[in-house]
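What follows is a set of notes on a single structure, which appears directly below.
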Amino acid sequence: MALRMVRSATQHASKTMRAGVYHEFGGPITVEDVPRPIAPPGGVVLEVRATGVCRSDWHGWKGHDGDVIAHGLPFTPGHEVSGVVVERGAGVDLPIGARCAAPFILSCGCCRECDRGRATICERQQQPGFTQPGSFAQYVALPRADRNLRVLPDNVSFESAAALGCRFTTAFRAVVQQGRLQAGETLAVFGCGGLGLSAVMVGAATGARVVAVDPSRAARERALELGASSAVDASEGCREAVWAATGYGADVCVECSGAARAVEDACYSARRGGRVVQAGLPLGDERPEVPMARVAGWELEIYGSHGLASHDLPAILDLVATGRLQPDASIQRRVTLQEGCDAIVEMDSESKPGITMIDKL
Numbered sequence: 004m005a006l007r008m009v010r011s012a013t014q015h016a017s018k019t020m021r022a023g024v025y026h027e028f029g030g031p032i033t034v035e036d037v038p039r040p041i042a043p044p045g046g047v048v049l050e051v052r053a054t055g056v057c058r059s060d061w062h063g064w065k066g067h068d069g070d071v072i073a074h075g076l077p078f079t080p081g082h083e084v085s086g087v088v089v090e091r092g093a094g095v096d097l098p099i100g101a102r103c104a105a106p107f108i109l110s111c112g113c114c115r116e117c118d119r120g121r122a123t124i125c126e127r128q129q130q131p132g133f134t135q136p137g138s139f140a141q142y143v144a145l146p147r148a149d150r151n152l153r154v155l156p157d158n159v160s161f162e163s164a165a166a167l168g169c170r171f172t173t174a175f176r177a178v179v180q181q182g183r184l185q186a187g188e189t190l191a192v193f194g195c196g197g198l199g200l201s202a203v204m205v206g207a208a209t210g211a212r213v214v215a216v217d218p219s220r221a222a223r224e225r226a227l228e229l230g231a232s233s234a235v236d237a238s239e240g241c242r243e244a245v246w247a248a249t250g251y252g253a254d255v256c257v258e259c260s261g262a263a264r265a266v267e268d269a270c271y272s273a274r275r276g277g278r279v280v281q282a283g284l285p286l287g288d289e290r291p292e293v294p295m296a297r298v299a300g301w302e303l304e305i306y307g308s309h310g311l312a313s314h315d316l317p318a319i320l321d322l323v324a325t326g327r328l329q330p331d332a333s334i335q336r337r338v339t340l341q342e343g344c345d346a347i348v349e350m351d352s353e354s355k356p357g358i359t360m361i362d363k364l
């Protein structure tokens, strides 16, 4: 693949940049002038071209994330990012001008888990928007660049690549790697926000029959538009409805909301010997319960799923480049940096289906 180079859209001699910043958990997120980052050894600075708004950003802003707490305030959110390399630290091979994206987990490559090929649970992982300032900014510094960043195919847009950075990569690992979904099997997706709709699309691209479960009519309708075969109202006997839709229970259930009821529903909607994958994060102090009698008696396989290893990113990029997966279709709103900051705050009161993408920085 020929490397497509892009010139920076701004004069990056400036020592400052615009970034979304919050100074207290749950407080206002405003666009401010802040110091522009410097490329660390082994890392790069990306000029951000697109960055998604994710429920995980809301968790960090609310003070639910230990890494954000440990970093301290003020803080800049954002971890679904694509952009152009404009500065390199020592020892980096990626060229200036390269169009790149990265999974949100930047693994170290030398801990026990990385040695075992489990980069998603790297013991020394770094995450923009959690362990360090994130991508709600004109520029973002990313460490471990050669290991974790991937050059985009020419026909993959910055917006599609940013959408992959968390929710689509998380969905891909949950559905394909942890859930081991095969063509012709049935997949039930619980919660059809950004992550859940991504799981619906990945499942459909895999050739599975997908049942979408959500209490929101708008979310269910959107899931049907994006490839679900049927949609079930989570507030009205969804376990029975999933069984009716699949005929035997779902081969794979992927829980994408973190809601306690949905976690339980996912376990009761799986067939005997089925696979249940937990990808959604619980809301606030909620502590979902797993029905262990059902797990044991029906020999259910229960998996956690968190992100995607950088070495697996080319597989999902290929799905996009060949048209089998179209992340652009799930982008519902394209907004400014301040509007993206406001979208995090709005998650306190509502969860909109589809992706909010910041593409005006």
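Per our numbering, the sequence shown starts with residue 4, numbered consecutively.
Glycine included, each C-beta is placed from N, C-alpha and C at the ideal position.
DSSP state of residue i mapped onto helix, strand, coil
i, result
"Glu-83", "strand"
"Phe-133", "coil"
"Thr-123", "helix"
"Asp-351", "coil"
"Gly-55", "strand"
"Leu-198", "helix"
"Phe-175", "helix"
"Cys-113", "coil"
"Arg-212", "strand"
"Glu-224", "helix"
"Val-203", "helix"
"Glu-289", "coil"
"Thr-33", "strand"
"Tyr-271", "helix"
"Phe-161", "helix"
"Ala-346", "helix"
"Ala-312", "coil"
"Val-95", "coil"
"Ile-108", "coil"
"Asp-68", "coil"
"Ala-248", "helix"
"Ala-187", "Contrary to the premise, residue 187 reads as Gly rather than Ala in this sequence. Here Gly-187 sits in coil by DSSP."
"Glu-182", "It should be pointed out that residue 182 corresponds to Gly in this sequence rather than to Glu. It is coil, neither helix nor strand."
"Ala-231", "coil"
Residues bridged to residue i (per DSSP)
i, result
"Asp-217", "Asp-236"
"Pro-38", "Thr-19"
"Arg-337", "Met-360"
"Phe-193", "Val-216 and Glu-258"
"Ile-305", "Val-279"
"Val-143", "Leu-49"
"Glu-90", "Val-48"
"Cys-103", "Gly-86 and Val-154"
"Ala-368", "This structure gives no information on residue 368, because the portion of the chain shown stretches from 4 to 364."
"Leu-78", "Note that residue 78 is Phe in the sequence shown, not Leu. The partner list for Phe-78 (beta bridge, DSSP) reads Tyr-25."
Candidates the options: closest to residue i by CA position
i, options, result
"Cys-270", "Pro-285, Arg-242, Ala-105 and Arg-290", "Arg-242"
"Gln-329", "Gly-230, His-67 and Leu-316", "Gly-230"
"Val-71", "Gln-135, Thr-54, Val-338 and Arg-336", "Gln-135"
"Ala-105", "Thr-172, Asp-68 and Lys-355", "Thr-172"
"Gly-197", "Leu-152, Trp-246 and Cys-259", "Cys-259"
"Ile-99", "Val-214, Glu-50 and Ser-352", "Glu-50"
"Leu-97", "Pro-294, Met-295, Tyr-142 and Leu-155", "Leu-155"
"Ser-354", "Leu-200, Val-257 and Gly-94", "Leu-200"
"Pro-291", "Glu-342, Glu-267 and Cys-114", "Glu-267"
"His-74", "Leu-284, Gly-137, Val-89 and Pro-294", "Gly-137"
"Met-295", "Ile-124, Asp-288 and Leu-303", "Leu-303"
"Ala-53", "Gly-86, Glu-349, Ser-232 and His-26", "Gly-86"
"Gly-30", "Asp-351, Ala-166, Ile-334 and Gly-94", "Asp-351"
"Tyr-1", "Val-279, Asp-288, Leu-286 and Ala-318", "Because residue 1 is not part of the residues shown, which for the chain are 4 to 364, the question remains open."
"Phe-175", "Arg-91, Gly-310, Thr-325 and Gln-335", "Gly-310"
"Glu-188", "Ser-232, Gly-168, Cys-169 and Val-88", "Ser-232"
"Val-323", "Cys-114, Leu-167 and Val-338", "Leu-167"
"Gln-335", "Thr-359, His-314 and Ala-318", "Thr-359"
"Ile-319", "Cys-114, Arg-170 and Glu-116", "Arg-170"
"Ala-207", "Glu-228, Ser-219 and Arg-220", "Glu-228"
"Gly-287", "Val-24, Ala-93 and Gly-66", "Gly-66"
Distance between beta carbons of residue j and residue i, contact taken as under 8 Å
i, j, result
"Arg-58", "Asp-36", "Incorrect: roughly 28 Å between the Cβ atoms, too far for contact."
"Phe-133", "His-82", "7 Å"
"Val-216", "Ala-237", "5 Å"
"Gly-357", "Arg-225", "6 Å"
"Gln-130", "Leu-109", "7 Å"
"Ile-32", "Cys-256", "In fact, because the Cβ distance is near 34 Å, the residues do not count as touching under 8 Å."
"Ala-247", "Gly-210", "That belief does not hold up - the Cβ atoms of Ala-247 and Gly-210 are roughly 22 Å apart, past 8 Å."
"Gly-194", "Ala-244", "With 8 Å as the limit, Gly-194 and Ala-244 do not qualify as a contact, their Cβ atoms being about 15 Å apart."
"Pro-40", "Val-48", "6 Å"
"Ile-361", "Phe-139", "7 Å"
"Val-205", "Ala-191", "No, Val-205 and Ala-191 are not in contact; Cβ-Cβ is about 14 Å, not under 8 Å."
"Cys-103", "Gln-128", "Going by Cβ atoms, the distance from Cys-103 to Gln-128 rounds to 19 Å, so no, they are not a contact pair."
"Gln-141", "Leu-364", "5 Å"
Any non-hydrogen atom of the ligand GTP within 7 Å of residue i CB
i, result
"Glu-267", "With respect to the ligand GTP, the structure offers nothing, as it holds no ligand at all."
| said: If contact is defined by three or more beta carbon pairs under 8 Å, each pair taking one atom from either stretch, is the segment 146-161 in contact with the segment 38-45? | reply: yes
| message | Using a Cβ distance threshold of 8 Å, determine whether the segment 57-70 contacts the segment 155-162, with at least three qualifying pairs required. | response | no
| request: Check whether the segment 248-259 touches the segment 271-279, taking contact to mean three or more Cβ pairs, one atom from each stretch, closer than 8 Å. | output: yes
| field | Cβ contact check for the segment 71-80 and the segment 164-180: 3 or more pairs under 8 Å | value | no
| field | Contact the segment 114-121 vs the segment 82-94: 3+ CB pairs below 8 Å | value | no
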